[in-house]
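Top line first, the protein sequences correspond to chains R and B. Residue numbering for the first sequence is 1 to 212, as defined by the numbering used here. Residue numbering for the second sequence is 213 to 424, as defined by the numbering used here. Have a look at the structure below, then the notes.
Number of protein chains: 2
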Amino acid sequence: MEINPETDPAPEPAPKPSRIQKRNRKRILDAALEVFSQHGFRGATLDQIAGEAGLSKPNILYYFSGKEEIHVTLLNALMDTWLAPLREIDPDGTPLDEILRYVHRKLEMSRELPRESRLFANEILQGAPRIGPHLETTLKPLVDDAAAVIQGWVDAGRLAPVNPRHLIFSIWATTQHYADFDAQVQVLTPGEDAQEGAQAFLDTLYRRLLTP
Amino acid sequence: MEINPETDPAPEPAPKPSRIQKRNRKRILDAALEVFSQHGFRGATLDQIAGEAGLSKPNILYYFSGKEEIHVTLLNALMDTWLAPLREIDPDGTPLDEILRYVHRKLEMSRELPRESRLFANEILQGAPRIGPHLETTLKPLVDDAAAVIQGWVDAGRLAPVNPRHLIFSIWATTQHYADFDAQVQVLTPGEDAQEGAQAFLDTLYRRLLTP
DNA sequence: TGGCTTTTTTACCATTTGGTCAAAGTCACG
DNA sequence: CGTGACTTTGACCAAATGGTAAAAAAGCCA
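Right, here's the structure in full:
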C-alpha cells in the first residue's frame, strides 16, 4: 500500500510559528495566567485577558480558538514545571536530604510562581474539570513512583515509617499554602517575611517527622 | 431636643422573620453554599442558585438584595463555625493533647463541611475581596491569642520549639487540603479512604514535631 | 369571609460576555 | 516594488446574567 502524503501526512503539519506568533502567544498566555489565577476560569473574561495582553479580543481569538483552549494550554504547560521537583527526587540520594530538598524547592516555587500555584488550586478546587484526565495519566504515575521510592526508604529503615502518599500531600499543602492563601498569611504575619519563617518551620517539621 | 420616634427609631426595627422567611432564607443559603463553593463567586449564577434552591430568581431577590449579599452572609455565618475549634484550645490543657485535638477537629470539619472549606478557599484564593476586613477584626486577634498560648507552652518547655503561627498555618493547610483538593486526592488514593489515612499521618506528624 | 400583608410569578431590561466576519492593514520575500 | 500570506481591527450577534416592576397568588387573622 502506497502512502499518500496528501491524505496521510504527518499528523501535525508543523507550521513553524512566526516571530510574531511566538511573541503574541506568549503575551496572551502570560496575561491569561494573571487573570485566570486571580478570578478562576469562569470569573475571567476575554476582555480582561485582552486588556492585560495589550491586544484586541478578536486578535486573541486569532491565536486561540477560545477561552477554554487558552486555559487548557496554560494548565498543560504548567504541569511540567509544576511536577519537575518531584521528578528530581533521586532514589539513590540520601532520603532525608532528598525530601528536604523537595520541600525546599516546592516552597521556592510557591514564592516565585504564585500565579501558577493559584491557577492550579483554582482548577482542582473546582473539581479539575479541565485536567482531570491529565491528572490520571501524568500525575498519578509520577506520584506512584515517588511513593514507591519513599516506601523503599522506609522499608530500609532509612526514614521513619510514614505513609508516602500522605507525606506528599502534606508537602504540597504546606508549601502551596503560602501562595494560595497569601491574602490570609499576609494578614496574620504582618511585617515579617512569611516565606523565610516557613522555610525554617518546614525544615524542622519534616526533619523531625522523618528522622528514623 | 425632643426625640422623634419617627425619624430616630431603634436602629433595627427587628421585624421578626416569619416561618416562611426562615425556611426560604435557609434554602437559599444552602443552595448558594453549594454553588459558590463549586464555582466561586463570579462563576456562580443566580439562576443556578435559584434552581438548586427550588425558587425563582426574583423570589431569591426578594430575600436578598443581590448576589453579593448572599455571598457575604454565607461567609460571615461560616466564620464562626470555622474558627470554633481554634477557640476551643484550652490554655490550661495538656499542650500536645490540645494541639492534636485541634488537628483532629479540623480534619473532621474537612470531611463534614467540605463545601464550607471550599467556599473559604475560593474567597482567600481570590484575595479575600469580600472578607478582608473580617480577617483583620475576627481572625487576627484569635490567631494572636492562640499563638501566644502556644508560645507560652514552648517557653515552658512543654512543647518542642516551633513558630506558633507557622504551626497553625501548617495545620490549616494539611487538614483543609483533603477538602479543597479532594479531586486530586481521590485520583491519587483510589479505593482507600483518604481521611482515615490522613488522621493517622497527621497525628504522627504533629506528635513527632511537638514532643519536646 | 373580607381585607390586609407577605410571598411568588410573569414579563422585562440593560449589560456583559464569548465569539464571528469581512474588510483593512502589515509583513516577508522574490 | 509588488504580491500573496499573515495579522489586526471595527462592527456585530446571540446567549447569559444580574436585576426590576407590577400584577397575581397565598397567608394570616379578626
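Virtual Cβ for every residue (Gly too), placed ideally from N, Cα, C.
Compare the beta carbon distance of residue i and residue j with 8 Å and say whether it is the shorter of the two.
i	j	result
Ile-393 (chain B)	His-166 (chain R)	Looking at the sequence provided, one finds Phe at residue 393 (chain B) rather than Ile. Against a cut-off of 8 Å, the Cβ pair of His-166 (chain R) and Phe-393 (chain B) comes out as no contact.
Leu-331 (chain B)	Phe-276 (chain B)	no
Gln-184 (chain R)	Ile-336 (chain B)	yes
Tyr-102 (chain R)	Leu-86 (chain R)	yes
Met-291 (chain B)	His-346 (chain B)	yes
Ile-28 (chain R)	Leu-46 (chain R)	no
Leu-421 (chain B)	Leu-209 (chain R)	yes
Ala-244 (chain B)	Ile-232 (chain B)	no
Ile-383 (chain B)	Lys-318 (chain B)	yes
Ala-173 (chain R)	Ala-410 (chain B)	no
Ser-322 (chain B)	Ala-406 (chain B)	no
Leu-100 (chain R)	Leu-159 (chain R)	no
In this structure, does DSSP put residue i in helix, strand or coil?
i	result
Gln-195 (chain R)	helix
Leu-205 (chain R)	helix
Glu-300 (chain B)	coil
Phe-253 (chain B)	helix
Phe-248 (chain B)	helix
Thr-293 (chain B)	helix
Gly-51 (chain R)	helix
Pro-270 (chain B)	helix
Thr-211 (chain R)	coil
Thr-285 (chain B)	helix
Ser-18 (chain R)	coil
Identify which residue in the options has its Cα closest to the Cα of residue i.
i	options	result
Ile-131 (chain R)	R:Arg-115, R:Ser-110, R:Glu-69	R:Glu-69
Pro-326 (chain B)	B:His-389, B:Leu-354, B:Pro-424	B:His-389
Asp-92 (chain R)	R:Ala-31, R:Ile-20, R:Leu-205, R:Ala-146	R:Ala-146
Asn-375 (chain B)	R:Asp-90, R:Leu-205, R:Lys-22	R:Leu-205
Arg-42 (chain R)	B:Ala-368, B:Val-284, B:Asn-334, B:Thr-306	B:Asn-334
Pro-270 (chain B)	B:Leu-286, B:Glu-246, B:Thr-293, B:Asn-236	B:Asn-236
Glu-408 (chain B)	B:Glu-300, B:Val-399, B:Thr-387	B:Thr-387
Val-399 (chain B)	R:Thr-94, R:Thr-189, R:Glu-136	R:Glu-136
Gln-338 (chain B)	R:Lys-22, R:Ile-89, R:Ser-18, R:Glu-34	R:Glu-34
Asn-288 (chain B)	B:Ser-382, B:Asp-405, B:Glu-328, B:Arg-317	B:Glu-328
Ala-296 (chain B)	B:Thr-350, B:Pro-307, B:Leu-286, B:Gly-278	B:Thr-350
Ala-128 (chain R)	R:Gly-66, R:Val-72, R:Ala-198, R:Ile-89	R:Val-72
Gly-152 (chain R)	R:Glu-108, R:Gln-199, R:Thr-94	R:Thr-94
Leu-142 (chain R)	R:Leu-107, R:Ser-18, R:Glu-88	R:Glu-88
Ala-368 (chain B)	B:Leu-286, B:Pro-424, B:Lys-279, B:Asp-302	B:Pro-424
Pro-429 (chain B)	B:Gly-263, B:Arg-419, B:Asp-302, B:Ala-256	Because chain B here runs from 213 to 424, residue 429 (chain B) falls outside it and cannot be looked at.
Thr-189 (chain R)	B:Phe-381, B:Ser-230, B:Asp-415, B:Pro-402	B:Phe-381
Asp-203 (chain R)	R:Glu-192, R:Lys-67, R:Glu-108	R:Glu-108
Thr-81 (chain R)	R:Ser-18, R:Gly-191, R:Val-154, R:Glu-112	R:Glu-112
Asp-302 (chain B)	B:Ala-360, B:Glu-264, B:Lys-238	B:Ala-360
Leu-74 (chain R)	R:Asp-30, R:Lys-22, R:Pro-17, R:Ser-18	R:Asp-30
Lys-67 (chain R)	R:Ala-44, R:Lys-140, R:Pro-17	R:Ala-44
Can you check the region 308 to 395 of chain B for any alpha helix (DSSP H) of at least 4 residues that lies completely inside it and give the ranges in chain order? Complete alpha helix (DSSP H) runs here, min 4: 326 to 337, 352 to 367, 376 to 392.
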